[in-house]
Structures are given as structure tokens and as C-alpha cells.
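Here's the structure we're looking at; comments come further down.
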Amino acid sequence: KLRTAIEARDPVCCVPGCEVSRFLEIDHIEPVAEGGLTTFENLARLCSFHHALKTVFGWRLGGRPGAWTWSEPERAERAPP
Numbered sequence: 001k002l003r004t005a006i007e008a009r010d011p012v013c014c015v016p017g018c019e020v021s022r023f024l025e026i027d028h029i030e031p032v033a034e035g036g037l038t039t040f041e042n043l044a045r046l047c048s049f050h051h052a053l054k055t056v057f058g059w060r061l062g063g064r065p066g067a068w069t070w071s072e073p074e075r076a077e078r079a080p081p
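Mapping to my numbering: the sequence shown position 36 is 36, numbers consecutive.
And the structure:
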């Protein structure tokens with residue numbers, strides 16, 4: 001039932017501007033490793049491209065349905081050598 005509810009709420013990738021509607025993957029907004037729960041509010045559908053950016057490169061999905069945000073990963077400041 002949770003999957004069906006998320007599929008109904010998120011017919012396309014949740015990243016603003018992305019209209020992909022096929023082969024979407026359900027992902028935790030706040031990762032499980034950071035304490036995220038498997039709840040309706042903490043799950044969203046992403047296309048495989050955006051899911052990879054989030055999982056591998058640290059991009060972040062935030063906000064809520066209808067007002068999602070997509071943020072670049074935090075970059076550590078490095079002192080020059």
C-alpha cells in the first residue's frame with residue numbers, strides 16, 4: 001500500500017524540472033544511514049539518473065510534494081597547498 005500511495009503522489013521524478021515518468025525508483029529523502037525512516041513522508045520517486053546523483057555524488061532532495069528542492073552536495077573548503 002505504501003508503494004501504491006507513493007506512485008500515485010509522484011507520477012514523475014520529484015527533481016524540479018525532470019519529467020521522467022518511467023522506471024522510477026523509490027528513495028529515502030533522508031537516507032536510512034542518517035536516521036531516515038521508511039515512511040510516506042520520507043520517500044520519493046526519482047529517475048535513475050537523479051537517484052544516482054543523490055546516492056553516489058551527494059545531491060539532496062528536500063522540501064515536500066509540490067515544492068521539492070534539489071541541492072548540490074556540500075563541498076569542503078580546502079586550503080591551498
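Built from N, CA and C at the ideal position, the CB exists for glycine as well. A quick note: this is a predicted structure, and the numbers were derived from the prediction, not measured.
Residue i classed as buried or exposed, judged by whether at least 16 other C-beta atoms fall within 10 angstroms
{"i": "Ala5", "result": "exposed"}
{"i": "Arg45", "result": "buried"}
{"i": "Val32", "result": "exposed"}
Candidates the options, of which the one nearest residue i by Cα
{"i": "Arg22", "options": "Arg60, Ala67, His50 and Pro11", "result": "Pro11"}
{"i": "Leu37", "options": "Pro73, Glu19 and Leu2", "result": "Leu2"}
{"i": "Gly58", "options": "Phe40, Ala67 and Glu34", "result": "Glu34"}
{"i": "Glu25", "options": "Ser71, Trp70, Phe49 and Pro73", "result": "Phe49"}
Paired residues, beta bridge with residue i - DSSP
{"i": "Gly63", "result": "Trp68"}
{"i": "Leu43", "result": "His28"}
Taking only runs that begin and end inside the stretch 2–39, name each unbroken alpha helix (DSSP H) of 4 or more residues, in chain order. 2–9
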